[in-house]
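The next block holds one structure in the form of structure tokens; read it before the comments.
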Amino acid sequence: MPTYKLTVNKKKYEVNADADTPILWVLRDHLNLVGTKYGCGIAQCGACTIHLDGKATRSCVLPVSSIGNKAITTIEGLSEDGTHPLQEAWATHDVPQCGYCQAGQIMTAAALLASNPKPTEEEIVTAMQGNICRCATYNHIKDAILTASRK
Amino acid sequence: MNTTTYNRRSFFKVSAVAGGGILFGFNMLTAQKTEAGVAEVLADANQINGYIQIDSKGIVTIMSANPEVGQNVKTSMPMIVAEELDVAWKNVIVKQAPLDTKNFVRQVAGGSQSLRFSWKALRTAGATARQMLINAAAQKWGISPSECTTNEGVIRNSKGQTVTYGEIAAEAVKMEVPKDVPLKNPKDFKIIGKNTTNVDIKAITTGKPLFGLDYKREGMLYAVALRPPAFGQTLASFDDKETRKVNGVKDVIKFGNKIAVLATSTWAAIKGQKALKATWTGDTKAESTEEHDKKMLAFLDTPSSAPKRNDGDVKTAFANADKVLERTFHGPFMPHNSMEPMNFFANVTADKAELVGPTQRPEETRKQVATLLGMKEDQVSVEMTRIGGGFGRRLMWDFALEAAEISKLAKKPVQLVFTREDDMTAGLYRPATKYKFRVAIKDKKVTAYHLTGTGINGQNFVRETFFPAGAFENLLMESHNVESKITTAPWRAPITNFLAFAEQAFFDEVAREIGADPVQFRLDLFEQARVNAQKGMKFDYDVDKSIGVIKLAAEKSNWGKAEKGVYQGFSAYYSHNTYVAEVAEVVMQNNQPVIKRIVCAIDCGIVVNPVAAINQSEGGVIDGIGHAMFGDFSFVDGKPQANNFNKFRLIRMSEVPKVEIHFVPSLNDPTGLGEPTLPPVGAAIANAIFAATGKRLYSFPFAKELGMQGS
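Order-wise, the sequence lines are chains A and B. Heads up: the first sequence at position 85 corresponds to 85 in full-length UniProt numbering, and the numbers run straight through without jumps. Heads up: the second sequence at position 197 corresponds to 197 in full-length UniProt numbering, and the numbers run straight through without jumps.
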């Protein structure tokens with residue numbers, strides 16, 4: 001198996017994995033970073049969203065061999081101590097029900113706010129359309145993003 | 001603290017709120033290992049009872065007994081204990097308890113019953129512990145306990161002396177367990193009724209391991225199984241040559257009608273599963289939606305020899321009718337589609353089985369696993385992780401049995417993982433159903449009501465004790481079952497998740513047929529039910545609560561006075577002991593109906609944690625809208641026609657309306673919210689869509705019936 005050098009949450013890792021292994025499983029099974037979730041495996045639900053050089057990316061269809069030098073950020077590395085404005089807004093609005101999809105929701109929202117700090121409600125809906133919440137916390141997610149964007 | 005704390009053996013019993021006189025035991029000794037890493041709890045914690053530990057600094061650990069599936073029990077149930085114990089919520093740490101039938105009652109997440117069944121037990125646990133702390137303080141001071149009061153973990157006597165719970169806890173555990181401790185007056189609640197943030201919020205938003213799929217054990221292998229692609233098939237033969245070539249694959253094991261691939265990573269197991277070549281046999285011709293439909297439609301015209309309810313003289317009323325209105329409704333199968341696919345950890349050795357994972361029903365899981373393995377139940381342990389969605393799917397135990405069997409055969413700890421495709425195609429589904437409604441109308445009044453229900457693998461497709469039973473003197477309800485090899489299971493608000501839509505949409509049509517306002521029509525029927533109850537007619541709902549939510553929804557939505565271009569639809573349904581009425585508002589955009597707002601009125605008694613109750617209620621509404629609009633699932637020759645989210649459409653943010661939740665103020669004991677807001681919403685939107693378009697909807701998914709884009 002080939003070896004890959006990865007930068008995840010500013011830390012360097014070396015992993016042995018088949019070239020076609022989606023980075024989702026490298027994170028979860030090899031690096032024990034289980035915050036990134038498996039939902040569908042075909043980039044339809046957004047539960048596996050990570051940042052690749054700051055851009056929201058579906059990790060379930062992204063082979064480890066395609067990462068190259070790009071920096072990976074996962075929910076575990078979004079902030080030092082869980083105080084990213086979105087993480088705080090998620091608590092303010094008590095967003096989660098089951099909570100399983102929320103890491104992916106936060107990562108998608110964080111990439112949105114990084115490129116568009118004051119999105120309109122419509123822009124939020126467009127950005128979040130790829131993330132499914134089966135418990136349907138959608139209105140709370142929207143409110144939390146608006147709150148975070150006002151900080 | 002890492003130690004196991006043993007205290008004095010004691011035992012007390014409390015009676016539960018529901019079911020009258022059921023006694024539940026609380027073993028005062030729990031060898032409860034606390035998790036390492038919770039630094040706030042000191043090692044000197046004293047176990048006051050099964051729910052409560054208090055350390056010398058006054059940090060209170062409250063065990064959460066029920067599985068947390070997103071319904072907020074892990075926060076709201078400990079709130080109830082803390083309320084009666086009288087401690088500050090900021091000093092409370094909540095921990096998930098494992099299955100422990102000695103200490104806890106009904107460790108189930110299902111039927112929206114957690115709060116209702118545990119309400120009195122949780123309060124009693126808190127109040128009894130508080131009394132023991134008071135008694136210990138009174139003994140220390142040499143005074144009567146009645147001279148002591150408490151406030152947020154501090155006991156004070158009439159001389160002004162104080163002692164904290166933490167200081168007296170070690171003495172309190174030596175106290176006799178008091179009986180019949182009085183509970184607080186709900187008017188004095190300080191924690192119950194206050195918005196309280198999810199106790200797992202930080203772990204969820206920072207990606208800490210919480211869920212079943214996050215669970216790991218040294219030496220564990222990941223298992224992915226290949227199951228029959230169609231219901232009714234059996235495994236004839238298989239070739240695992242290519243599978244065994246996959247890096248990381250350690251073993252391939254046939255178990256029953258399935259094959260498990262075991263590997264050192266999930267991805268290797270998935271690749272191994274895809275590389276398996278299997279042949280399957282079996283006649284599956286009968287298991288097509290087309291065939292099911294023919295059987296169900298035939299049943300709708302077949303009188304039952306054993307009606308579920310037969311009041312008055314339906315036959316004569318129909319014979320004398322001016323008009324008969326008859327409509328048929330069609331409900332498809334539905335997968336549960338929890339975001340966390342099915343999974344379970346099992347470690348089966350010669351003399352014990354350890355099970356860890358997401359289950360809504362740990363006790364039944366233990367029983368089933370013990371039976372499978374030929375073990376005694378005390379040889380099987382079940383630990384619950386946080387659950388990434390259940391919707392009824394995790395009331396079943398098939399995945400736990402599979403994990404146990406694979407672990408036993410592999411002689412290894414195993415994490416069984418369903419791919420999304422496995423989850424959707426090897427599911428247990430909401431049964432497909434059909435309903436035929438008939439009413440006899442004479443002189444603009446409904447004189448008889450006749451409902452025939454049928455569906456796949458269900459015991460009863462009607463609800464003969466629910467409204468409108470009681471509202472009509474002549475009423476007939478019948479149910480027919482169609483047997484099938486397709487496995488079915490409870491799905492959020494079983495049966496009523498479609499029946500309520502069909503009934504409440506039909507009522508809208510009946511109201512308009514006789515020229516009545518849909519809200520007034522229902523209010524009149526409930527008044528009739530009140531009269532009929534006085535004549536001895538039996539039913540399971542409360543007339544005043546039913547009327548209460550209908551009036552509240554009508555008031556809050558400004559029913560009948562919507563602004564121009566806004567079309568309203570009304571629906572009300574009682575289920576799982578909770579009363580709900582909903583008004584949907586639809587506008588036309590680009591010639592298509594768009595749902596803009598749902599106003600939802602609920603009577604669930606005392607609202608324990610409003611912020612979570614609103615979230616849960618909204619979730620039920622939006623889930624109901626999503627499946628009514630887009631839910632479509634069928635079979636051809638036993639094979640499911642959708643296997644992932646590219647083929648099964650779930651509701652997304654752009655399709656979600658504003659949802660307003662209004663609770664009826666109440667001091668009654670609480671009832672649940674996991675399900676009750678879902679059943680009525682399908683009809684609320686269908687009735688609003690009719691008001692907007694003139695088109696009646698009789699089948700899910702509405703988007704398909706309306707010919708909407710992307711459906």
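The C-beta atom is built at its ideal place from N, Cα and C for all residues, glycine as well.
7 Å Cβ cut-off: residues of chain B touching residue i
i                      : result
residue 40 of chain A  : 420, 644, 645
residue 140 of chain A : 615
residue 134 of chain A : 337, 338, 339, 389, 650
residue 137 of chain A : 615, 619
residue 21 of chain A  : 267
residue 18 of chain A  : 247
residue 47 of chain A  : 339
Which listed residue (the options) has its alpha carbon closest to that of residue i
i                      : options                    : result
residue 499 of chain B : B/540, B/431, B/521        : B/431
residue 193 of chain B : B/702, B/683, B/667        : B/667
residue 55 of chain A  : A/10, A/72, A/27           : A/72
residue 186 of chain B : B/227, B/83, B/109         : B/83
residue 129 of chain A : B/692, B/694, B/656, B/698 : B/656
residue 606 of chain B : B/246, B/111, B/53, B/120  : B/120
residue 530 of chain B : B/547, B/516, B/520        : B/547
residue 291 of chain B : B/138, B/456, B/314        : B/456
residue 636 of chain B : B/425, B/474, B/438        : B/425
residue 135 of chain B : B/534, B/228, B/165        : B/165
residue 239 of chain B : B/277, B/216, B/272        : B/277
residue 598 of chain B : B/582, B/588, B/613        : B/582
residue 3 of chain A   : A/21, A/38, A/10, A/11     : A/21
residue 123 of chain A : B/689, B/678, B/654        : B/654
residue 465 of chain B : B/496, B/661, B/302        : B/496
residue 51 of chain B  : B/72, B/43, B/108, B/118   : B/118
residue 45 of chain B  : B/563, B/613, B/92         : B/92
residue 197 of chain B : A/148, A/111, A/88, A/83   : A/88
residue 740 of chain B : B/490, B/543, B/453, B/454 : The question about residue 740 of chain B has no answer here: the residues shown for chain B are numbered 1 through 711.
residue 375 of chain B : B/141, B/351, B/382, B/397 : B/351
Supposed contact pair residue j and residue i - C-beta distance, whole angstroms, cut 8 Å
i                      : j                      : result
residue 45 of chain A  : residue 418 of chain B : The Cβ separation is near 15 Å, so there is no contact.
residue 205 of chain B : residue 106 of chain A : 6 Å
residue 571 of chain B : residue 681 of chain B : 7 Å
residue 691 of chain B : residue 568 of chain B : 6 Å
residue 86 of chain A  : residue 70 of chain A  : The Cβ separation is near 22 Å, so there is no contact.
residue 70 of chain B  : residue 638 of chain B : Actually they do not touch by this definition, with Cβ atoms about 32 Å apart.
residue 332 of chain B : residue 632 of chain B : 6 Å
residue 24 of chain A  : residue 13 of chain A  : That pair is no contact at about 15 Å.
residue 400 of chain B : residue 357 of chain B : 7 Å
residue 107 of chain B : residue 363 of chain B : 6 Å
residue 676 of chain B : residue 620 of chain B : 7 Å
residue 505 of chain B : residue 687 of chain B : 6 Å
residue 228 of chain B : residue 235 of chain B : 7 Å
Neighbour list for residue i in chain A, Cβ cutoff strictly below 7 Å
i                      : result
residue 209 of chain B : 34
residue 213 of chain B : 38
residue 612 of chain B : 94
residue 202 of chain B : 82
Chain-ordered neighbours of residue i on chain A, where CB pairs are closer than 9 Å
i                      : result
residue 386 of chain B : 98, 99, 100
residue 205 of chain B : 75, 78, 82, 84, 86, 87, 88, 90, 91, 95, 96, 99, 102, 103, 106
residue 197 of chain B : 91, 92, 94
residue 540 of chain B : Ordered by position in chain A, no residue passes the 9 Å Cβ test against residue 540 of chain B, which lies about 28 Å from the chain.
Residue i: contacting residues in chain B (beta-carbon distance under 9 Å)
i                     : result
residue 54 of chain A : In chain order: nothing, as chain B lies at least about 18 Å away.
Proximity test, Cβ basis, 7 Å: residue i and chain D
i                     : result
residue 29 of chain A : Absent here is chain D; the protein component of the structure consists of chains A and B.
Chain-ordered chain B contacts of residue i [CB-CB under 8 Å]
i                      : result
residue 61 of chain A  : Under the 8 Å cutoff, chain B gives no residues; its nearest Cβ is about 12 Å from residue 61 of chain A.
residue 125 of chain A : 653, 654
Residues that residue i contacts on chain A, provided the C-beta gap is smaller than 8 Å
i                     : result
residue 69 of chain B : 98
Legend entry - Minimum length 3: unbroken beta strand (DSSP E) runs contained in the region 30 to 91 of chain A: 49 to 52, 55 to 58, 71 to 73
Inset, instruction - Only counting runs of 4 or more residues, tell me where the alpha helix (DSSP H) segments fall wholly within the region 586 to 656 of chain B, in order along the chain. - result: 610 to 630
Legend entry - alpha helix (DSSP H) runs wholly inside the region 401 to 437 of chain B, at least 4 long, in chain order: 420 to 425
Inset, instruction - Spell out a yes or no on whether the region 328 to 348 of chain B and the region 391 to 409 of chain B are touching, meaning 3 or more CB-CB pairs, one atom from each, closer than 8 Å. - result: yes
Inset, instruction - Taking 8 Å as the threshold, find out whether the region 52 to 63 of chain B comes into contact with the region 93 to 109 of chain B through three or more Cβ pairs. - result: yes
Inset, instruction - Could you tell me which uninterrupted alpha helix (DSSP H) segments, each at least 4 residues in length, are contained entirely in the region 530 to 574 of chain B, listed from first to last along the chain? - result: 543 to 556
Inset, instruction - For the region 92 to 132 of chain B, list the alpha helix (DSSP H) runs that are entirely contained and at least 4 residues long, ordered along the chain. - result: none
Legend entry - Contact the region 444 to 451 of chain B vs the region 470 to 477 of chain B: 3+ CB pairs below 8 Å: yes
Inset, instruction - Kindly confirm or deny that the region 483 to 490 of chain B and the region 581 to 595 of chain B touch, where touching means at least three C-beta pairs closer than 8 Å. - result: no
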